[in-house]
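Let me begin by presenting the structure, written as structure tokens, before commenting on it.
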Amino acid sequence: MISPGVTLGGRYRLDERIAGGGMGDVWRGTDEVLGRTVAVKILLPALLDEPGFAERFRGEARTMATINHPGVVDVYDYGSDQQLAFLVMEYVEGDALSRTLSRVGRLTPGRTMALVAQAADALQAAHANGIVHRDVKPGNLLVRPNGTLVLTDFGIARSALVGQLTVAGSVLGTASYISPEQASGDVATPASDVYALGVVAYQCLSGHRPFDGATPMEIAMKHVREKPRPLPSDIPPSVRAIVDRALSKDPTARWPSASALAAVARQAASALATTAQQPASQPVRAAGVANRPQSGGPVSGAPASPAAGSARPPFPPVPRPVSGARGAASVPSGPPVQPQPYRQPYHPVPPVQAAKPESSAGRQVLIVLAVVLALLVLLCAGVITFLYKQSQDNNALSGRHTYADVVHTGVADNEPSAASYRLTKQAGARPGWNRANEGRQTL
0 MISPGVTLGG RYRLDERIAG GGMGDVWRGT DEVLGRTVAV KILLPALLDE
50 PGFAERFRGE ARTMATINHP GVVDVYDYGS DQQLAFLVME YVEGDALSRT
100 LSRVGRLTPG RTMALVAQAA DALQAAHANG IVHRDVKPGN LLVRPNGTLV
150 LTDFGIARSA LVGQLTVAGS VLGTASYISP EQASGDVATP ASDVYALGVV
200 AYQCLSGHRP FDGATPMEIA MKHVREKPRP LPSDIPPSVR AIVDRALSKD
250 PTARWPSASA LAAVARQAAS ALATTAQQPA SQPVRAAGVA NRPQSGGPVS
300 GAPASPAAGS ARPPFPPVPR PVSGARGAAS VPSGPPVQPQ PYRQPYHPVP
350 PVQAAKPESS AGRQVLIVLA VVLALLVLLC AGVITFLYKQ SQDNNALSGR
400 HTYADVVHTG VADNEPSAAS YRLTKQAGAR PGWNRANEGR QTL
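Following numbering that gives the first Met the number 0, the residues of the sequence shown are numbered contiguously, the last one being 442.
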């Protein structure tokens, strides 16, 4: 019976059970020889019943111990007897990414890309030593208080040197993060780890896994046949493209290596951090926008700065767990909280420049046009006045000639005869003198 206080191998005292996985339990222990804290993974007793299992696992542990990378948990020792087998590893002071996601729901794109880059670097170190992790998930990614990430739990990893560590024909790996080729029963490759890390990135950005199902087999088949739900629309296109390629069904269509994924993720994280930093010389937007609350969106894991308007650190560390640090262990990924929309980084609006005054040449042109128009108006008025006066004069002259003609008609010796005219006024006719034969009276 395993309980606190039990000593394994004559030197490793078990202090506290900190996690459990598909192949055994992980304990925080003390190396009584060196006086340091360690993580001890104890394999399930049932696994030792399989012929040759203990020997294969010992060979795997030796291969893992050859990996020298700060992002990969160190393997210190291996021990076994007839009752159990255990692996002694580095104890990582930090929190599993799964616990962080359970608390905050989702991370910012910049923080997500920074963690993906570190995890991909660690996977590349393992792949270079012929080891495929096969179980990359948030529970196996531990984040130290300073923000650095450590990849843990290679317990079901397959070494190309010692063969496959599993029961023949079984599909290993957590169903939510399993690659399509693993779900189809094919051999896992480094591309399988790239796919699983893409699933982790998807969960960090969206707050949920790409596929859900009632059973692990149903979820695994969705990885083979279905496309994941689209990421939220507020995720930058560059980050979306990185994750979409990592989640390609065809292994050859994914990023060619974990190092390639690390490079593009690190570049995206750097670009997002630069965008998020507001230069001091930039103008501040209206108070209604600048003072908008930041709560409710994805978090980066760092506490908010008390100074208003101060820029956030680009990659703040994930907060330490409330319940205490957890070591190098496989931590189950709990259900995430309700995801919140990611707020785009603040982009200050440039000030609107005042309209430039019109040039002096433009003013001169307008003045000339106004003068010409005034002259044309005066000229037209003069012409109209002149024509009107001419018309009045012509009418006056025409009236005098008519009167003279009437007087001249019917005269004798240049003297008008009294009986020769009569002033008549007819309706509609012009008054004047009528001719004698027209107006003569008869008796």
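Each residue gets a CB set at the ideal place from its N, CA and C atoms; glycine is no exception.
All of these numbers come straight from a predicted model, not from anything done at the bench.
Buried or exposed by the 16-neighbour rule on C-beta atoms within 10 Å, applied to residue i
i    : result
M63  : buried
I218 : buried
V364 : exposed
Y201 : buried
K388 : exposed
L114 : buried
P235 : buried
A125 : buried
L148 : buried
G104 : buried
V370 : exposed
D80  : exposed
D233 : exposed
R35  : exposed
V382 : exposed
F385 : exposed
R253 : buried
P3   : exposed
I66  : buried
V198 : buried
V37  : buried
Under 8 Å between C-beta atoms of residue i and residue j
i    : j    : result
T173 : D211 : no
A190 : P227 : no
D265 : A360 : The amino acid occupying residue 265 in the given sequence is Arg; Asp does not appear at that position. No, these two residues do not count as a Cβ contact at 8 Å.
I41  : D30  : no
A78  : G8   : Strictly speaking, residue 78 in this sequence is Gly, with Ala absent from that position. In contact: G78 and G8 (Cβ atoms closer than 8 Å).
L246 : S205 : no
M22  : L46  : yes
G28  : R16  : no
V131 : T188 : yes
A60  : V74  : yes
P44  : L106 : no
G93  : P50  : no
Nearest-angstrom Cβ-Cβ length linking residue i and residue j, presumed shorter than 8 Å
i    : j    : result
L140 : L96  : 4 Å
D76  : V91  : Not quite, the Cβ-Cβ distance comes to about 17 Å (not below 8 Å), so this is no contact.
A18  : G70  : Wrong, their Cβ atoms sit about 19 Å apart, outside the cutoff.
A127 : L260 : Going by Cβ atoms, the distance from A127 to L260 rounds to 15 Å, so no, they are not a contact pair.
G109 : A272 : 5 Å
P137 : L196 : That belief does not hold up - the Cβ atoms of P137 and L196 are roughly 11 Å apart, past 8 Å.
Cβ shell of residue i (< 7 Å), same chain only, five flanking positions each side left out
i    : result
A267 : M112, S237, V238 and I241
V223 : P179, A182 and S183
H68  : A121 and A124
K221 : F210 and G212
F52  : L46
P320 : Reliability of the predicted coordinates at P320 is poor, the pLDDT of 39 falling under 50, and the value obtained from them is presented with this limitation in mind. So the list reads D94 and R98, once near-sequence residues are dropped.
Cβ neighbours of residue i in the same chain (closer than 6 Å, five flanking residues each side left out)
i    : result
Q123 : A257 and S258
Y194 : S178
S208 : Sequence inspection shows Arg at residue 208; the Ser mentioned does not correspond to that position. Taken in chain order, the residues that qualify are S175 and Q202.
A151 : Correcting the residue identity first, residue 151 is Thr in this sequence and not Ala. The answer, listed in chain order, is V72, N139, L141 and A327.
T6   : R12
V186 : none
F85  : L7, V39, I41 and G78
Contact set for residue i: own chain, Cβ-Cβ below 8 Å, skip 5 residues either direction
i    : result
E225 : F210
S169 : Confidence at S169 is low in this model, with a pLDDT of 40, below 50, so the placement of that residue is unreliable and no value is reported for it.
Proximity test, residue i beta-carbon vs the ligand GTP heavy atom, cut-off 7 Å
i    : result
L260 : You won't find the ligand GTP in this model; it holds no ligand whatsoever.
field: Unbroken stretches of the alpha helix (DSSP H), 4 residues or longer, contained in the segment 34 to 85
entry: 52 to 64
query: Along the chain, which unbroken stretches of the beta strand (DSSP E) at least 3 residues long are found entirely within the segment 93 to 164?
result: 140 to 142 and 148 to 150
field: 4-residue-minimum alpha helix (DSSP H) runs that sit fully inside the segment 184 to 240, ordered along the chain
entry: 189 to 205 and 215 to 224
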